[in-house]
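*Asks:* The structure follows.
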Amino acid sequence: MKKKLGYLFLTGLMALSLAACGKGSQDAGGQDLLQQIQDKGTLTVAMEGTWAPWTYHDEDDNLVGFDVEVARKIAEKLGVEVNFVEGEWDGLFAGLDSGRYDMVVNGVEITDERAEKYDFSEPYGYIRTALIVAEGNEEIKTFEDLNGKTTTNSMASTYMTLAESYGATVTPVDSLDQTLDLVIAGRVDATLNAEVSFYDYMKVHPDAAVKVVALTDDASHVSIPMRKGEEAASFREAVDQAIRELKESGELGEISVKYFGTDITRE
């Protein structure tokens with residue numbers, strides 16, 4: 203009888219220990235994201251690194267661009283260092299979903315579909331989409347003319363979705379330079395991209411045989427996607443506060459003028 207009671211006692215202790223361990227794991231998993239980032243001392247930011255002037259490599263192979271500096275300023279406001287991780291467009295969001303990245307800073311435009319899956323910071327940029335064709339192309343003058351035509355853009359990007367909505371067949375590529383090379387070579391009919399990105403490209407390639415034939419009427423809101431969830435609430439609030447302070451101080455506008463030649467941070 204004593205042996206049986208002793209066995210039951212030990213079994214009960216083990217069950218309590220396992221329950222405590224399980225609770226500890228749950229507590230760790232649900233820890234406040236901002237606190238985790240500040241404890242680590244590092245903000246992990248995902249971006250492509252191939253889309254000038256947002257995020258790209260200079261002649262010395264340094265990662266530079268508007269979004270690079272914005273992310274650094276936000277990390278500074280949070281009191282941490284920034285760790286940049288580069289990848290392809292769709293991989294950025296897969297990494298955000300899995301928790302490998304804390305945020306994606308890559309000129310991301312807010313869409314209804316994305317807003318269902320992610321929480322967004324307040325906008326830090328406002329841009330219009332340009333319809334770009336080869337210099338000698340006289341067939342495409344409006345977005346409606348894309349029906350039955352071919353375009354090229356990053357996989358799963360806003361521009362790819364917009365082109366497909368007008369009936370275009372889209373060839374996926376990794377960078378703006380590749381996109382415009384295909385248009386100039388006549389391998390695709392057109393491409394859609396941020397107006398400011400196109401004009402930045404033309405500053406570097408002034409003789410490129412491409413032109414803008416149409417622009418969207420309304421400006422898209424550029425924002426920072428983050429994971430949804432109560433544990434991320436204080437992190438989102440801190441990022442919003444950082445963006446507001448950067449706007450109010452004029453720093454955000456200065457960074458924009460540096461890379462775009464104009465202030466895209468005001469609607």
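This note's numbering puts the first residue of the sequence shown at 203, with every later residue one more than the last. Note that CB positions come from ideal geometry on N, CA and C, so glycine has one too. Only a predicted model underlies this, so the values are computations on that prediction, with no experimental measurement involved.
1) So K413 packs on V307, CB below 8 Å; how close in whole Å?
2) Roughly how far, in whole angstroms, is the beta-carbon of F268 from the beta-carbon of I457, given that I think they are within contact range, below 8 Å?
3) According to the neighbour-count rule (16 or more other Cβ atoms, all chains shown, within 10 Å of its Cβ), is N395 buried or exposed?
4) If you draw a straight line from the C-alpha of T352 to the C-alpha of D402, how long is it?
5) Going by C-alpha to C-alpha distance, which of T467, S367 and I312 sits closest to L454?
6) Need the endpoints of the alpha helix (DSSP H) that G297 sits in, please.
7) Which residues does DSSP list as the beta-bridge partners of E286?
8) Can you name the start and end residues of the beta strand (DSSP E) that Y320 belongs to?
9) Between the stretch 300-320 and the stretch 379-393, do three or more beta carbon pairs fall short of 8 Å?
10) Assuming E433 contacts L235 under a Cβ cut-off of 8 Å, what Cβ separation, rounded to an integer in Å, is found between them?
11) Starting from V335, follow its DSSP beta bridges and name the residues at the other end.
12) Please list the terminal residues of the continuous alpha helix (DSSP H) segment that includes I276.
13) Between V424 and P325, which are expected to be in contact by the criterion C-beta below 8 Å, what is the C-beta distance as a whole number of angstroms?
14) DSSP three-state call for I457: helix, strand or coil?
15) So which of D419, V266 and F400 has the shortest CA-CA distance to A410?
16) In whole angstroms, give me the CA-to-CA distance for L270 and T418.
17) M428 and D321: beta carbons closer than 7 Å?
18) Alpha carbon to alpha carbon, what distance is there between V375 and E469?
19) Could you check if E340 belongs to the surroundings of the ligand MN, using beta carbon to heavy atom distance under 6 Å?
20) Under the three-state reduction of DSSP, which class applies to S377: helix, strand or coil?
21) Can you give the Cα-Cα distance for E447 and A392, rounded to whole angstroms?
*Replies:* The structure says:
1) In fact, because the Cβ distance is near 30 Å, the residues do not count as touching under 8 Å.
2) The pair is a contact, with the Cβ atoms about 6 Å apart (cut-off 8 Å).
3) Per the 10 Å Cβ criterion, buried.
4) Using only the alpha carbons, I get a separation of about 24 Å.
5) Nearest of T467, S367 and I312 to L454, Cα basis: T467.
6) Run containing G297: W291 to S300, per the alpha helix (DSSP H) assignment.
7) The residue you asked about is not Glu; residue 286 is Phe in the sequence shown. Answer is V247, bridged to F286.
8) Where Y320 is concerned, the enclosing beta strand (DSSP E) stretches over Y320 to F322.
9) Segments in contact, no.
10) Their Cβ separation, rounded to whole angstroms, is 5 Å, which keeps E433 and L235 in contact under 8 Å.
11) Note: V335 is bridge-paired with A392 and K413 in the DSSP secondary-structure output.
12) Residues F268 to L280.
13) In this structure, V424 and P325 form a Cβ contact; the two beta carbons are roughly 6 Å apart against a cut-off of 8 Å.
14) DSSP, reduced to helix, strand and coil, places I457 within a helical segment of the structure shown.
15) The candidate whose alpha carbon is nearest that of A410 is F400.
16) Residue 270 is actually Val in this sequence, not Leu. Straight through space, the alpha carbons of T418 and V270 are spaced by roughly 26 Å.
17) Going by C-beta atoms, M428 is nearer than 7 Å to D321.
18) Just so you know, the alpha carbons of E469 and V375 end up roughly 30 Å apart.
19) The ligand MN is not part of this structure, which contains no ligands at all.
20) It is coil, neither helix nor strand.
21) The straight-line gap from Cα to Cα measures roughly 39 Å.
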